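S.K.:
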Amino acid sequence: MTVMPENPKRFGIFFFYDKDGVVDDYVDTMVLDMRKNLDELCIVVNGALNQAGREKFESWSDRLIVRENEGLDAWAYKTALETTGWDHLAQFDEVIMFNATIMGPVYPFAEMFTEMNQRDIDFWGITWFHEYPMDPFGTTPEGYIPRHLQSHFHAYRRSLITAQVFQDYWRDLPVIRDYNDSVGKHEIPFTKRFEQLGFKSDVYVNTEDLEGYNFAPIMFAPVTIIKEKRCPIFKRRSFFHDYRDVLVQSVGQDTRDLYEYLRDHTDYDVNLIWNNALRTMNLMNLVNNLKLTYVFPTRAVNPPSVKNAPDLKIAMVLHVYYLDILPKLLAYVSTMPAGSDIVITVGSEEKAAKVREATQDLPYNVIIRLIENRGRDVSALLVGVKDIINDYDLVCFAHDKKVTQLDQGSVGDGFALKCFENMFATKEYVANLVDKFRQEPRLGMMFPAPPNHADYFAPYIYTSWGLNYNNTATLLNDLGCHVPLSKNVEPIAPLGTMFWFRPAALAPLYDRDWQWEDFPPEPNNTDGTILHAIERAYAYVAQSAGYFSAHCFSDEFSRIELTNLAYYVKNMNHADRLPFTVFGKGKLYVRVLRKILPRQTYVDIRRKYRERMDRKRGL
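Under my numbering, the first residue of the sequence shown is numbered 25, with each subsequent residue one higher.
1. Whole angstroms are fine: how far does the CA of Thr125 sit from the CA of Phe435?
2. As a quick exercise: from Ser262, Ile392, Met522, Leu113, pick the residue whose alpha carbon is nearest that of Leu314.
3. Use the C-beta contact count for Leu386: other C-beta atoms within 10 angstroms, 16 or more gives buried, fewer gives exposed.
4. To the nearest angstrom, how far is the alpha carbon of Asp196 from that of Phe190?
5. Taking the alpha-carbon of Gly371 as reference, which of Ala382, Ser403, Leu353, Met340 has the nearest alpha-carbon?
6. My output table needs one value for Asn512: the three-state DSSP class, helix, strand or coil.
7. Which residue comes first and which comes last in the beta strand (DSSP E) that contains Thr290?
8. Ala528 to Asp226, Cα distance in whole Å?
9. Take Glu374 and list the residues in its own chain whose beta-carbon comes closer than 6 Å to its own, dropping the five residues that flank it on each side.
10. Is Thr369 helix, strand or coil when you go by DSSP?
11. In chain order, what residues of the same chain lie with their CB nearer than 6 Å to the CB of Asn93, ignoring the 5 residues before and after it?
12. I'd like the list of long-range same chain contacts for Asn456, defined as Cβ closer than 7 Å, with 5 residues on each side in sequence excluded.
13. Nearest-angstrom Cα distance between Pro29 and Asn141?
14. Using only CA atoms, which one of Glu381, Phe577, Ala245 lies nearest to Pro475?
15. At the level of alpha carbons, what is the spacing between Gln277 and Tyr193?
16. List the endpoints of the continuous alpha helix (DSSP H) containing Tyr50.
17. Which of the three DSSP states is assigned to Ser578 in this structure?
18. Suppose only complete runs of 3+ residues qualify. What are the beta strand (DSSP E) ranges in the region 478–563, listed by chain order?
19. Determine the closest residue to Arg182 out of Leu65, Leu441, Ile145, with distance taken between C-alpha atoms.
20. Return the chain-ordered ranges of every alpha helix (DSSP H) run that is complete within the region 416–460 and spans a minimum of 4 residues.
21. Out of Arg380, Phe421, Ile120, Arg462, which has the shortest C-alpha to C-alpha gap to Asn332?
22. Please report the straight-line C-alpha distance between Gly468 and Tyr562, rounded to a whole angstrom.
23. Going by other Cβ atoms of all chains shown within 10 Å of its Cβ, with 16 needed for buried, is Glu546 buried or exposed?
24. Measuring only the C-alpha atoms, how far is Glu396 from Trp540?
25. Tell me whether the beta-carbon of Phe523 lies closer than 7 Å to the beta-carbon of Phe471.
26. If you follow the beta strand (DSSP E) that Gly468 is part of, which residue opens it and which one closes it?
27. Does the distance from the C-beta atom of Arg466 to that of Trp298 stay below 7 Å?
28. Would you list the residues sitting across from Cys66 in a DSSP beta bridge?
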């Protein structure tokens, strides 16, 4: 065992991987603070590295290794150790291995090193993964996962570095093909293996008091270990974790609590999170993990979230086609803040005259624009008001939504109600919604969640892409908006085409010189057109511009939404009680279960179902 000298000499190995080879600024913040505690730094990159990233790493490190993307972090470390040489490493009191799967520091790393210097140990880490009663990787001789130091940060003292068994371990490291191999063949067995050989380990963030609470406190108790135990790091995975796994282990609050604690109670710049997350993560994962669904009061105004915030210049852009619902629309217009501009687009001079008469007494600056009757509400926004859109800090876009293609008008009216009541329910509601934009400068769009009743249930529960995935992907590519997109993950989109937005968030869309001729003439198809592709592209355009999107609900409409969703969940095991009739018996039901349940839970249910059916058949 080794107690560190007064001024220990440290060698650092930092592992980095990014599929695009981009080094985001969260890496800068973490590595440069760590570098203050290192005498030498070797950086190992798997795969691509762009020129800007190379220049950064070369300026920070004493040695840069760029290698094939093979063996994940374990073989990257192996490469660094063996090419540096054991004789050279033996000159250091400590060798530090860390990687880009963590973010930080929330507190300076120097604080952590000062504390650990006092401990008589051979190796240590920042966090533990607690003992787990099973081994899903099938690699542990015990048949379960023992408590171990998580490999996102390991520190090895000279007593371990110079041991032949340690050097042999890295020489004989098995082939690592994927994440499961890396965890099962390296991370999990490492701690116990060397403890059994007589080496002593320790952890900086002691979570013995959380044994039995959660297996991975850094994921499912992040605020506790940061606030109470001064953990300097948090996991990047928190923001894109598989949500099925989240709900197996918690009610789902942890990532939201982590973000808000970092934002409101630490000096860590949450823009570092957003810059990486919006470039690399699927928007649906962010919405789920961060709970980007906001519920605002309709009868009271919340206290301002930002003191002395500058006033925002706000406009409503309202496209009107159906004059019969104009009175209802104007009632919603009246919820806009004082001083807002109301820009109304219409397709004929006759309609313009009627709208002008109906709005003459409104206490707003009303601007009426005559546009071509082509492209519906989408062209109204992208062509009809393009010249003035950047005059505003925040815009509310709406239209006279009337669904005509369904058999029952009440179904379409329900969709319209969901849009209107969650866009501008009351003056108080709108004031609260606007304040959220002040609180979150990276919030680019807010809009109601998709409909999930009647005819809308099946596409809501399975996929909302319809015929539009390929068209949307092509459109985004043409706009230069390169963000993670998947046909198998439903889009985050303002279905119904009503939303609040910062014009800066949609700049890539407005940078294209849209013309009326870019849009199909009437009559239009009900799906698969450029209009539907744009509708599903809005939030991803904002993402590419560095903004996130969120759903918004009024407290009153939430009563409806929560009742509906609770009904669906409670009756998920009774397919005949769910509102779909157009699919083959049981087919959608099976797809739904496979989509929403944890993988093992789904397998168990299917097995029990088959066993029951076999008994019924006498097998």
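All C-beta atoms in this analysis are idealised placements derived from N, C-alpha and C, irrespective of residue type, glycine included. Here the structure is a predicted model, which means the values were calculated and not measured.
M.R.: Inspection of the coordinates gives the following:
1. Contrary to the premise, residue 435 reads as Val rather than Phe in this sequence. When rounded, the distance between both Cα atoms is 46 Å.
2. Ser262
3. exposed
4. 10 Å
5. Ser403
6. coil
7. From DSSP, Thr290 is part of no beta strand (DSSP E); its letter is neither H nor E.
8. 49 Å
9. none
10. strand
11. Asn70, Gly71
12. Phe320, Pro321, Val325, Asn326
13. 8 Å
14. Phe577
15. 39 Å
16. 49–59
17. strand
18. 523–525
19. Ile145
20. 433–447
21. Arg462
22. 10 Å
23. exposed
24. 7 Å
25. yes
26. 467–471
27. yes
28. Ile37, Arg87
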